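> The structure that follows is given in the form of structure tokens.
The following block contains the structure:
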């Protein structure tokens, strides 16, 4: 890349800009560590899911920044695939958090959404309410959610 | 002509990098400091989407400038441009959708907002539950319009 193309005046100043990209990638790494704190301490499971989603976005950004820093187009391609796969992962986690669905492993729908020790009395009451009416409402709710997400 | 001692294109490049870094950092701070799931989701998703788009703009500018500098012969740099456009479009499509799904899922999993003025989704769900169990809903079928708001 060290050609002496001075004809187009301003563009020559882009020489050696890869170091800037490397510094940006280091910053993004620090941001990812900050989000990992929320991933660790987040009191509820949706908190952790949100932190994971944010980390995925930052990783995609860091991947194409690093692709520019090391001049590897492959990194950018991988970041595209990573973005789409992380989207699918997020949707799957969201469905898992919502309720138990046919075809998924039977889990306790409410208890799993709280970290141990943080279940308060009123949330237990909520759990009883939704558990009481849950049998009938479950399926149409799931269908509505699916349509919402797709459209 | 020059802006702050650099060419205008380089200035725009640095501006994109700084905007991207600042907004990604704000997203992280919001994720750490806000009180409940919905506000955290709000801060983190919006800020990281915007910031990542601007970081993508900087990589696109890098590819385009190097492509022009190489007399339009460097295929690698043009590939940087086009593939980063694809990556940015992927982020732009998937990130808000995933955030929407997460917010809806956390609402359904009985994690409610801490400070709340009005909860239209809750009203809609209760209305639907009542309609399901036989009691006719009172306020008609305007719930469909409300759920998107």
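Protein chains in written order, with my numbering: chain G, 18 to 168; chain F, 408 to 556. From the three backbone atoms N, C-alpha and C, an ideal C-beta is built for every residue, glycine too. On a predicted model such as this, the values are computed, not experimentally measured, just so you know.
1) Nearest to residue 489 of chain F by CA position, among G:107, G:105, G:102 and G:85, is which residue?
2) If I measure Cβ to Cβ from residue 510 of chain F and keep anything under 7 Å in the same chain, skipping five residues before and after, which residues do I get?
3) When DSSP builds the beta bridges, which residues end up paired with residue 413 of chain F?
4) Got a sec, what are the start and stop residues for the alpha helix (DSSP H) residue 468 of chain F sits in?
5) In this structure, does DSSP put residue 501 of chain F in helix, strand or coil?
6) With a threshold of 7 Å on Cβ separation, who are the neighbours of residue 92 of chain G within its own chain once the five nearest residues in sequence on each side are excluded?
7) Cβ closer than 8 Å: which chain F residues qualify as neighbours of residue 28 of chain G?
8) With H, G and I counted as helix, E and B as strand and the rest as coil, what does DSSP make of residue 480 of chain F?
9) Is it the case that the Cβ atoms of residue 531 of chain F and residue 31 of chain G are separated by a distance below 9 Å?
10) Please classify residue 480 of chain F as buried or exposed, where buried requires at least 16 neighbouring CB atoms within 10 angstroms.
11) When you compare the CB of residue 515 of chain F with every CB in chain G, is at least one pair closer than 9 Å?
12) Could you check the C-alpha separation between residue 42 of chain G and residue 503 of chain F for me, to the nearest Å?
13) Under a three-way DSSP split, which group does residue 517 of chain F fall into?
14) Pull out every residue of the region 70 to 88 of chain G whose Cβ sits closer than 9 Å to any Cβ of chain F, in chain order.
15) Taking Cβ-Cβ distances shorter than 9 Å, what residues in chain F pair up with residue 114 of chain G?
16) Residue 487 of chain F touches chain A at which residues, Cβ-Cβ below 9 Å?
17) Over what stretch of residues does the alpha helix (DSSP H) that includes residue 63 of chain G continue unbroken?
18) Measuring only between beta-carbons, confirm whether residue 436 of chain F sits less than 9 Å from chain G.
19) Exposed or buried, what is residue 415 of chain F when buried is set at 16 or more other beta-carbons lying within 10 Å of its beta-carbon?
20) Apart from the five residues on each side of it in sequence, which residues of its chain come closer than 7 Å, Cβ to Cβ, to residue 514 of chain F?
21) Can you list, in chain order, the residues of the region 426 to 450 of chain F whose Cβ is nearer than 7 Å to any Cβ on chain G?
22) Is the closest heavy atom of the ligand COA to the C-beta of residue 83 of chain G under 8 Å?
23) Going by beta carbon distance, what residues of the same chain come within less than 8 Å of residue 438 of chain F, once the five residues before and after it are set aside?
24) From the DSSP output, in three-state form, read off residue 441 of chain F for me.
25) Distance check for residue 111 of chain G and residue 422 of chain F, CA to CA, integer angstroms please.
Concretely, from the data shown:
1) The residue given as residue 489 of chain F occupies position 82 in the second chain. The residue with the shortest Cα to Cα distance from residue 489 of chain F is G:85.
2) Here residue 510 of chain F refers to the residue found at position 103 when the second chain is read from its first residue. Excluding residues within five positions, the ones whose Cβ falls inside 7 Å are 445 and 448.
3) Translated into positions along the second chain, residue 413 of chain F becomes position 6. Its beta-bridge partners are F:410.
4) In the second chain, residue 468 of chain F corresponds to position 61, counting from 1. Unbroken alpha helix (DSSP H) run through residue 468 of chain F: 444 to 476.
5) Along the second chain, read from residue 1 onward, the residue named residue 501 of chain F stands at position 94. The answer is helix: DSSP assigns residue 501 of chain F an H, G or I state.
6) Translated into the one-based positions of the first chain, residue 92 of chain G becomes position 75. Taken in chain order, the residues that qualify are 80, 81, 83 and 84.
7) Position 11 of the first chain, counting from 1, holds the residue named residue 28 of chain G. Simply 414, 416, 472, 475 and 476.
8) Here the question's residue 480 of chain F lines up with position 73 in the second chain. Correct three-state label for residue 480 of chain F: coil.
9) Here residue 531 of chain F is taken as the residue at index 124 of the second chain, counted from 1. Here residue 31 of chain G is taken as the residue at index 14 of the first chain, counted from 1. The answer is no: Cβ separation not under 9 Å.
10) If you number the second chain from 1, residue 480 of chain F lands on position 73. So residue 480 of chain F ends up on the exposed side.
11) Indexing the second chain from 1 puts residue 515 of chain F at position 108. Yes - at least one Cβ of chain G is within 9 Å of the one on residue 515 of chain F.
12) Walking along the first chain from the start, residue 42 of chain G turns up at place 25. Walking along the second chain from the start, residue 503 of chain F turns up at place 96. One C-alpha to the other measures close to 23 Å.
13) What you label residue 517 of chain F is simply residue 110 of the second chain in a count that begins at 1. The answer is coil: DSSP assigns residue 517 of chain F none of H, G, I, E or B.
14) 70, 71, 73, 74, 75, 77, 78, 79, 80, 81, 82, 84, 85 and 88
15) Your numbering for residue 114 of chain G matches position 97 in the first chain. Here the neighbours are 509, 512, 513, 515, 516 and 518.
16) Looking for chain A here will not work: the only protein chains present are G and F.
17) Taking the first chain and counting its residues from 1, one reaches residue 63 of chain G at position 46. Looking at the DSSP string, the run of the alpha helix (DSSP H) that includes residue 63 of chain G is 62 to 87.
18) For the purposes of this step, residue 436 of chain F is identified with residue 29 of the second chain, where counting begins at 1. Taking Cβ atoms only, chain G reaches closer than 9 Å to residue 436 of chain F, which makes this a yes.
19) Walking along the second chain from the start, residue 415 of chain F turns up at place 8. That one is exposed.
20) Here residue 514 of chain F refers to the residue found at position 107 when the second chain is read from its first residue. Within the same chain, residue 514 of chain F has close Cβ partners 528.
21) 428, 431, 432, 434, 435, 438, 439, 444, 447 and 448
22) Summarising the ligand content, the structure contains no ligands, and the ligand COA is consequently not present.
23) Counting from one through the second chain, the residue named residue 438 of chain F turns up at place 31. Within the same chain, residue 438 of chain F has close Cβ partners 447, 450 and 451.
24) The residue given as residue 441 of chain F occupies position 34 in the second chain. Here residue 441 of chain F sits in coil by DSSP.
25) Taking the second chain and counting its residues from 1, the one referred to as residue 422 of chain F is at position 15. Taking the first chain and counting its residues from 1, the one referred to as residue 111 of chain G is at position 94. Distance between the alpha carbons of residue 422 of chain F and residue 111 of chain G: 36 Å.
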